[in-house]
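S.K.: Once you've had a glance at the structure underneath, I'll fire off some questions.
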Amino acid sequence: MIQSGNPEKQSQPNRTPLMKLIRTLILSALLTGSPALIHAQDFSKDYSPISSTGFLPPIFVKSFSQKAIEDVSKIKDKNHTTLTKKKQFAIESNFHIDHLVRSGSILFNDSISAYVNKVLDEILKNDPELRSSIQLFVIKSPLVNAFSFDNGIILVNTGLLSQLDDESQLAFILCHELIHYKRKHSINAYLDLVNVSNTSYKKSRTDADVLNYSKDQETEADTAGLELFKSTNYDFDAVHSAFDVMQYSYLPFDEQEFTRDFLEDNNLHFPKDYFLDKTAPIKADDNYDDSKSSHPNIRKRKTAVNSRLDASYINKGRKKFIVSEKRFNHAKDIARFETCRLYLLDLDYPNAIYSSFILLKKYPKNIYLKKIVSKSLYEIASYKSSLHGAESVTNVFGSDAKYELKSFEDIEGFSQQVYYLLQKLSSEEATTLALNYSWKLNSSLGYADKQEKQICDSLFVILIQGNEKSLADYSRKSRAEIVLEDSLKKVPVVKADIVEGSAPDTVKREVSKYEKIKAQQKKEEVVEIITHADENFTRYAFVDLLKDKAFANRFQYFLDQKPTSSPSKKHSYNSYSERRKTAKSERKFGRAMGIDKVVIVEPFFYHMDLNNKQKMDFKATVSGLQNFQTVIKDNATKAKLDYVTLDPQHMKEDDVTSYNDFVNTNDWINERLMHGYNARALVTATDNKDALIAKYGTNYFMWTGVVSVTNKGLRGTYTYIYVIVYDMAKEIAVYSETRQVKMRDSQATLNSQYYDIFNQMHQPAPKSKTVTRASTDQDSN
Amino acid sequence: MNTKRIFFTKFLALALLVVSSLQVSAQKAPGYQGHRFVLLYEFNFHPDLNGLSNFLNDQSTSSGTSGSITFLKSHTLSVDYVMNRRSAIGASIAFFSTADAHPGTPGPVNSTATPTSYNYTASALIYSLYFKFFRQHSNSIAPLGRYIKPEISILYYSGTQFISNGQSSTTVYSPTFGYFTQYKQVAATMSDFTSGPHVGMAYSFGKTFIFANRIMIDRGIRVSMVNLLHATTNANANDAKTGFPIDPAAYDFLNNQFFNFFIGIGLLP
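Right under this line is the structure:
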C-alpha cells in the first residue's frame, strides 16, 4: 500500500472527499500548530502528561486478524515450508504489535511523535517510497531503546529521547532501524532460528550461532545505516556520540551530584552517615563480554563503523540540528518529564526522585516534579510501614511481589546516593521525611491539591498508627533554640555579663577566664549540633511545620482518630468475625455489590496450548477475544449491569478521547496492581482520575480477562478468569477474584461465569448485609 | 426388623446430606444466564453384572447372553429447575428394560420342575426426585459443569419369567404397565409378575456442557440402591424374609441397577 510521505496522513483511513477535506484541515492545523504546542506547556511551573491527538492510526483501528491477513497476503515464497513459517511470523509479529497498541504506551500525533517523524522525513527526503512504507511512533517507556518491525513500524522509546544530546544522534539511530526494516532482519532472524529448510543444519545450530547471526545483523544495520546517514546532512559526530548514549544508557538521563539540601531544610538534617562520602564510579566498559548478547559490544560496533567512516569523514557543513533545535529540546524535555512519571508508575522510586532532582535544577518551581518527589517519598514510607503491608485485597497477578529497594551497591554514579539514603531510612524516618516534604508542597499549593492532601493524611496515619508517634515526639523548638536556652539556664551569670553587655548594679564582679572558656565551648557546641544532626534527626523535622496551625491541627486530628486497640487489628482488612459475617452473607446472597455501572478496561483473552512448541495459540486467542466481547455484552445486558468498555481494539478512528481515557485508566490500574499486597498505598497515577469518574458516571472500573490453558499433562483444559473491580474514588478493590474452571473456554463456560460475576456485581445488597470493609483513612475525613 | 433399621438409617443419612449440601451451596444469585428450567433426556447403560458373574464363573446357558459381558439400557426424561448458582432440583421418569430374555438365577418360585435354564424379561418405571449440587471447587455454576446428584426413587417393575425346556424359540408380546416388551420365548412354562413400589436411593457424579447457549450434554455415572422391601402391601412379598427369596428376577434386575453410566442431551428453553 502506497501512502503519503506525511506520517500524520499515513494514519488516515479512506473516507469520503468531504471527510478527507475536514481531516486535512484539522491535521494541517495540528501540524502548523505544533510550534504552538511547544509553548502550550510552561515547564517552569507545571507539566501535563503527554497524550495523543487527532485520529487513531490504522494499526490502532484495525483488528489483529485484519492486520495479520493483510500482511500474510503480501508474503510470497516458492518454498512451501518457508512460506508457512513466514506467515506464522507475520501472525506472531502482528500479535506483539497489537499487544503494544493495547498497552496504551504508543503515542501518535503528539508533539514528540510529530518531531521524530519530521526527522525521519529529513532522512528519507530522497526516498519517498521507503518513507511511505514506514510508520514511526514514540512509545512511553523509560528504557533506552528503539526497534523496528518487518511491516514498517518503527518505535522509539521516550527513554531514548531523554538521553540524546542532539538531533543528529536521533537521525543515526533511525538510520540503524531503517536498515533493520529494509533488510528484513526480523523475519530472517526468525527463519534462521527455526531454520526450516535444512534439518541437519538446524540440529547443528547452537544458541551462540543464533546470537552471532543477530550480531551480524546489528553490525549490518550499523554499517549500512551509516551509509544512509551519510546521504543526510547530519553531523558525523553523532555516529560516535550515539554509541556513547547506548554505552551509558543504564544510567539516568543526566549525572549531577545529589545534594543534601534537596530534601533538608533549616531543621531537618540527615545524620552524617546517611550520605556517602563518594558514590561509586561509573565503570561502563565498552569492551564487555557480548557472547550472550544479541548485539556486539559497543567497542566492536564503534570499530566497524569507524572503518567506514574515516575515509569519508568530512564534517564541514553538516549540522547537529536540521529540523529544529528548539523542537528537539522541547521533545527531550517532555521525554524527561515522561521518564520521571514512568519511573513512578514502575515503582522505581529512587530513579523517580533522582530524575526529578535533575529536572528541578532546570525548572526549580515545577510543581509536577515536586509532586513526583512527594509521591515517591510517600510510597517509600508506605512500603517501609508495616501498617500498610498488613492488609491485602488484591490477589491476582503480582500480588505476592514484595517491593524491595534495589541495593545501592549495584548502582553506579551519583544516583547511588538516593538509593543509599532511601535504604538507610527507617520506617519512621522515611515517613517523617515524606510528611515534611509533602506538607510543605501541600502548603505551597494552598492546601488545594486533593492528592497531596490525601498523601499527607495517609502519612499522618502511618506515623501515628504505624510508628506510634505523637506530637510529644516532635520538638516545636529548633536545636539551636534549645541549646541556647540550655546554655543560658546553666550559665546565668554569663548571660548577664555577656549577653546583656552592661552589668546590672547587683552584679559587679568580673567574668572569670574559665567562665569565658565554658561559654565559648557552649557556643561551639551549638554550632556543632546544628551542623551535624544526630541520629534522632526526625525530632526536629517538624519545627517549622508545627508553627503552621493547619499542620498541628491535622496532626492532632489523626491523634484523636487513633484507635485504642492495636493498630494492626484495627486496620487489618477484616477481623475474623467480620470475615465470617462476610462469608455467610456471600453464601446466602452472593457478593451483591449493588453496582449500577462499570467501566471495563481492556478485557483480555489468551489461549495457551502448552503441548505445542508455540505456547500461544494465536488463532484461538483472536477468535476467543472476539467471542469474549460478545460474552461481556450479552451477560452485562442480561444481568442489567450498565457498562462501558475502554478497549483500543474496538475504538473508531476518531475515538482519541476514549483512547486517552483508556491510557489514563490503564496507568492507574497497572500501578494499583503493581502495589499488590500494599493495597492501602495510594496510587500516584491520578492525573485525570476525577475527570474520568465524572465522565463515565461511575466510581467502578473493572479489569478482567480470560486465560485458557490446554495441557495434556494437567489432563485437560483449564480456564482462568481474572476479575478486579476498583472503586477508583476510594482507591480500593471492592471485588477481586481469580476463578479456575476446569472446562474449555467455550462461550457457554464464559457466559456462565460472567453472568454470575455481573449478576453478583449488580445485585443490590440485602438490607441485613452490613458494611464489610473497614473505612479507609481518607474516608474518615 | 434389622433391614428396616438399615433402610431408615440410610434414608436419614441421605436427608442429612441433602440439607447440609443446601446450606453450604445455597446462593440466591441465579445460575447460568438466569435460565431456570432444563429439559433432559438421558440414555443409561448398565453393565450386566449377571453376565459378568457368569462370565467370571465361565457358565454358559442356552439363552446366549450368559458367559459374556453385556450392557443393559434404560432411558430417562427429566426436568431440572435451577434454584441458584450452585444447586438445582429435578424430577425424572426412567424406563428400564432387560429387553431380550435374560438369564436369571434359578429360585424356588415356579420351580415345579427342575429347569434346564431359568430366564426372565422385565421392565420398570422409576420415578425420581433429586437435587443437583454443582461443585464449588471446580467453579461449576448451575446447570453447567461438575455436579453431584443425590436422588430418591420409587420403582415399579413388571416382567415375565419362564423356564426353558430346550424347545425352539418364538416371539410374543406381553403388556407390562402399558408397555409392550418383546422377548424370546424358549420356555415351556412362564408367568407374569409385577412388583412395587420399591424405594431406592441413587447418587450420581456428572458433568454438563452447553453448546449454542441452548443445547446441553450431560454425562456421568450413577450408583443406586433399591430397597427390596415393598413399600405397599403385596401379597407375594411384604417383608425381606419372603420377598427376597421368592423373587429372584427382582434380585437380578436390581443387581443390574446397581450402577450405570449415562449420557444425555438437554434443552435450555
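Protein chains in written order, with my numbering: chain A, 13 to 793; chain B, 26 to 294.
Ideal placement from N, C-alpha and C gives every residue a C-beta, glycine not left out.
1. Would D89 of chain A be called buried (16 or more neighbouring beta carbons within 10 Å of its own) or exposed?
2. Compare the C-beta of D789 of chain A against all C-beta atoms of chain B and say whether one is closer than 8 Å.
3. Measuring only the C-alpha atoms, how far is Y155 of chain B from Q775 of chain A?
4. Could you tell me which of A:F120, A:L136, A:K332 sits nearest to T669 of chain A, measuring between CA atoms?
5. Taking the C-alpha atoms as reference points, what is the distance between D243 of chain B and K650 of chain A?
6. If you follow the alpha helix (DSSP H) that T93 of chain A is in, where does it begin and where does it stop?
7. Taking 8 Å as the cut-off, decide whether the C-beta atoms of Q765 of chain A and I733 of chain A are in contact.
8. Going by the beta-carbon positions, is the gap between T716 of chain A and M755 of chain A smaller than 8 Å?
9. Note the first and the last residue of the continuous beta strand (DSSP E) segment covering N200 of chain A.
10. State yes or no: is the beta carbon of S87 of chain B nearer than 8 Å to at least one beta carbon in chain A?
11. Can you tell which of A:F616, A:F640, A:K481 has the C-alpha that lies nearest to the C-alpha of K574 of chain A?
12. Taking S427 of chain A as the reference, which of A:I191, A:D266, A:I165 has the closest Cα?
13. Within the same chain, show all residues whose beta-carbon is closer than 6 Å to that of V84 of chain A, passing over the 5 residues directly before and after it, in chain order.
14. Output the distance between the C-alpha atoms of I294 of chain A and Y431 of chain A, rounded to the nearest integer angstrom.
15. Out of A:E232, A:A201, A:L240, which has the shortest C-alpha to C-alpha gap to D221 of chain A?
16. May I ask which residues mark the beginning and end of the alpha helix (DSSP H) holding Y262 of chain A?
17. What does a CB cutoff of less than 8 Å around F759 of chain A pick up in its chain, not counting 5 residues either side in sequence?
18. Which two residues bound the contiguous beta strand (DSSP E) that contains V168 of chain A?
19. Whole angstroms is fine: what's the gap from L558 of chain A's alpha carbon to M663 of chain A's?
20. Taking the continuous alpha helix (DSSP H) assigned at T669 of chain A, which residues delimit it?
21. At the level of alpha carbons, what is the spacing between Q533 of chain A and T696 of chain A?
22. For the candidate residues A:E141, A:V128, A:R143, A:D133, whose alpha-carbon lies nearest to that of S168 of chain A?
23. Among all the DSSP beta bridges, which residues are the ones paired with G170 of chain B?
24. What residues in its chain sit with their C-beta under 7 Å from that of A595 of chain A, if we drop five residues either side in the sequence?
25. State the DSSP-derived secondary structure class of G237 of chain A, mapped to helix, strand or coil.
26. Leaving out the 5 sequence neighbours to the left and right, which residues in its chain are closer than 6 Å to T657 of chain A when beta-carbon positions are compared?
27. If I measure Cβ to Cβ from F62 of chain B and keep anything under 8 Å in the same chain, skipping five residues before and after, which residues do I get?
28. Is V248 of chain B buried or exposed, if buried means 16 or more other CB atoms sit within 10 Å of its CB?
29. For the beta strand (DSSP E) that E614 of chain A lies in, which residues bound it at each end?
30. What are the start and end residues of each continuous alpha helix (DSSP H) run of 4 or more residues lying completely inside the stretch 279-355 of chain A, in chain order?
31. Can you give the Cα-Cα distance for D162 of chain A and A183 of chain A, rounded to whole angstroms?
32. In terms of DSSP beta bridges, what is A745 of chain A paired with?
33. What's the C-alpha gap between R320 of chain A and D122 of chain A?
34. If you measure from the beta carbon of M663 of chain A to each beta carbon in chain B, is any gap under 8 Å?
35. When you compare the stretch 622-629 of chain A with the stretch 743-750 of chain A, are there three or more beta-carbon pairs, one atom per stretch, that lie closer than 8 Å?
36. Is the beta carbon of L97 of chain B sitting closer than 8 Å to the one on I118 of chain B?
M.R.: By the coordinates alone:
1. By the 10 Å Cβ count, D89 of chain A comes out exposed.
2. Since pLDDT at D789 of chain A reaches only 35, below the 50 mark, its modelled position is unreliable, and no value is offered.
3. Using only the alpha carbons, I get a separation of about 28 Å.
4. For T669 of chain A, the nearest C-alpha among the options comes from A:F120.
5. Between D243 of chain B and K650 of chain A, the C-alpha separation is close to 25 Å.
6. Taken as a continuous stretch (DSSP letters only), the alpha helix (DSSP H) holding T93 of chain A covers 92-115.
7. Cβ atoms of Q765 of chain A and I733 of chain A: closer than 8 Å.
8. No.
9. Here N200 of chain A belongs to no beta strand (DSSP E); instead the alpha helix (DSSP H) covers 197-206.
10. Confidence is the limiting factor: at S87 of chain B the pLDDT is only 41, short of 50, which leaves the residue's position unreliable, though a coordinate-based value still follows. Closer than 8 Å: no.
11. It is A:K481 whose Cα lies nearest to the Cα of K574 of chain A.
12. Nearest Cα to S427 of chain A within the set A:I191, A:D266, A:I165: A:D266.
13. Answer for V84 of chain A: K99, A102, listed in chain order.
14. Cα to Cα, I294 of chain A sits roughly 15 Å from Y431 of chain A.
15. Ranking the options by Cα distance to D221 of chain A, first place goes to A:A201.
16. Taken as a continuous stretch (DSSP letters only), Y262 of chain A belongs to no alpha helix (DSSP H), as it is neither H nor E.
17. Note that residue 759 of chain A corresponds to Gln in the displayed sequence, not to Phe. Excluding residues within five positions, the ones whose Cβ falls inside 8 Å are N639, T642, V643.
18. Per DSSP, V168 of chain A is one residue of the beta strand (DSSP E) stretching across 165-169.
19. Counting only the Cα atoms, M663 of chain A lies some 52 Å from L558 of chain A.
20. 668-687 is the span of the alpha helix (DSSP H), which, as asked, contains T669 of chain A.
21. Q533 of chain A and T696 of chain A: Cα-Cα distance of roughly 49 Å.
22. The residue asked about is misnamed: residue 168 of chain A is Val in this sequence, not Ser. Nearest of A:E141, A:V128, A:R143, A:D133 to V168 of chain A, Cα basis: A:V128.
23. For G170 of chain B, the pairing in a beta bridge is given by DSSP as B:T233.
24. Cβ within range, chain order: n/a, list empty.
25. DSSP places G237 of chain A in the helix class (H, G or I) of the three-state scheme.
26. So the qualifying residues of the chain are I612.
27. The residues V104, D105, Y106, V107, L293, P294, in chain order, have a CB closer than 8 Å to that of F62 of chain B in the same chain once the five nearest residues on each side in sequence are set aside.
28. It is exposed - the Cβ of V248 of chain B has fewer than 16 other Cβ atoms within 10 Å.
29. Segment 609-621, the beta strand (DSSP E) holding E614 of chain A.
30. The stretch 279-355 of chain A contains these whole alpha helix (DSSP H) runs: 310-321.
31. Distance between the alpha carbons of D162 of chain A and A183 of chain A is about 20 Å.
32. A:Y738.
33. Distance between the alpha carbons of R320 of chain A and D122 of chain A: 36 Å.
34. Judged by the 8 Å Cβ criterion, M663 of chain A is not in contact with chain B.
35. Contact annotation: the stretch 622-629 of chain A does not touch the stretch 743-750 of chain A, with fewer than three C-beta pairs closer than 8 Å.
36. Cβ distance not < 8 Å, so L97 of chain B and I118 of chain B don't count as in contact.
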